[in-house]
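Engineer:
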Amino acid sequence: MKAVGRSDASVGIREGQPVRALARAGVIAGFLVLPLALAGCGPAPWNNWGYETSSPTPTFTRQTVAPPVKNDLSSGSTQRDLQAGAVKATVDYWSTLSMDKWTADALKPISLSLITVVEPNDGQKVYLQRATMVAVPQSDTGDLAPLNPQVDAASVNPGYLVLSPYSYSQNFTVGPVPSNAISVTVQFTYDFLVQTTPTSSEYAKQTASDTLTIAIAQQ
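Counting the sequence shown from 1 gives a position; the numbering used here is that position plus 12.
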């Protein structure tokens, strides 16, 4: 009987060892599962390695492009038809200086050729008494101070005959303008004397005006 009891006790000891081992394993497993469960609540760590977690908000910059500066001599020359009462004048303008050299500090020549007809043509003659040029430079903000007027007054009386086929030609010069000028407006005024009758020594005065805008080349 004692042998059997010792045998049962031995068996009991042997059977209890696996139970305690399993209990210890369960405790260890519990510690291991808890961190993994907590880690599973956040984003995967590899998603943050070397990358931004949020996309930058794109920004847009509005660029204002200045409109091109008007240039009536961009092709090198231009022609205008002017009316002054019964006098119709055709004027050709050009410059011997290329537009890329029309800088602020340069002397900028303008040449013109003028010819007239009378409508209706009763045989009266037309004379040019005076031609005047005034140059007014412009900046981004408006007109600058005008340059001194240039006047070509006829040296003969009553003036230069400009009735077709006779014509008038002259050269004017736009002097230096301020460095902030982007263009120059050139104002021309033509004073004509027209015979009242083909044989009369009396004249009627007629005035025609014209304006050119020319870009200033930026350096």
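For glycine and all other residues, C-beta sits at the position ideal for the given N, C-alpha and C.
(1) If the criterion is Cβ atoms closer than 7 angstroms, does the pair L140 and V174 meet it?
(2) So, with DSSP's three-state summary, where would you put D104?
(3) Rounded to a whole number of angstroms, what is the C-alpha to C-alpha distance between T235 and I127?
(4) Using CA coordinates, which residue listed in G171, T225 and A229 is at the minimum distance from K233?
(5) Tell me where the beta strand (DSSP E) around Y139 begins and ends.
(6) Any idea if D112 is buried or exposed, counting beta-carbon neighbours within 10 angstroms, 16 or more meaning buried?
(7) Alpha carbon to alpha carbon, how far is L94 from Q218? Give it in angstroms, no decimals.
(8) Can you tell me whether DSSP reads A21 as helix, strand or coil?
(9) At the level of alpha carbons, what is the spacing between D155 and G88?
(10) Report all residues from its chain with a CB closer than 6 angstroms to the CB of S212; omit the five preceding and five following residues, and keep chain order.
(11) If I measure Cβ to Cβ from G42 and keep anything under 7 angstroms in the same chain, skipping five residues before and after, which residues do I get?
(12) Measure the alpha-carbon distance for Y105 versus M145 and round it to whole angstroms.
(13) Out of T115, G187, V138 and A147, which one is the CA nearest neighbour of P177?
(14) Check whether the Cβ atoms of Q199 and F184 sit closer than 7 angstroms, and answer yes or no.
(15) How is L224 classed by DSSP in three states: helix, strand or coil?
Structural biologist: Taking the structure as given:
(1) Taking 7 angstroms as the Cβ cut-off, L140 and V174 qualify as a contacting pair.
(2) strand
(3) One cannot answer for residue 235 here, as it falls past the ends of the chain, which runs 13 to 231.
(4) Residue 233 is absent from the structure shown; the chain starts at 13 and stops at 231.
(5) V138 to S151
(6) Under a 10 Å Cβ-count criterion, D112 is classified as exposed, with fewer than 16 other Cβ atoms of the shown protein chains found around its own Cβ.
(7) Roughly 11 angstroms between the two C-alpha positions.
(8) With a pLDDT of only 43 at A21, under 50, the local geometry of the prediction cannot be trusted, and no value is derived from it.
(9) 24 angstroms
(10) There are no such residues.
(11) With a pLDDT of 49 at G42, under the threshold of 50, the modelled position of this residue cannot be trusted; read the value that follows with caution. Result list for G42: empty, nothing under 7 angstroms.
(12) 13 angstroms
(13) Of T115, G187, V138 and A147, the residue nearest in Cα terms is V138.
(14) no
(15) strand
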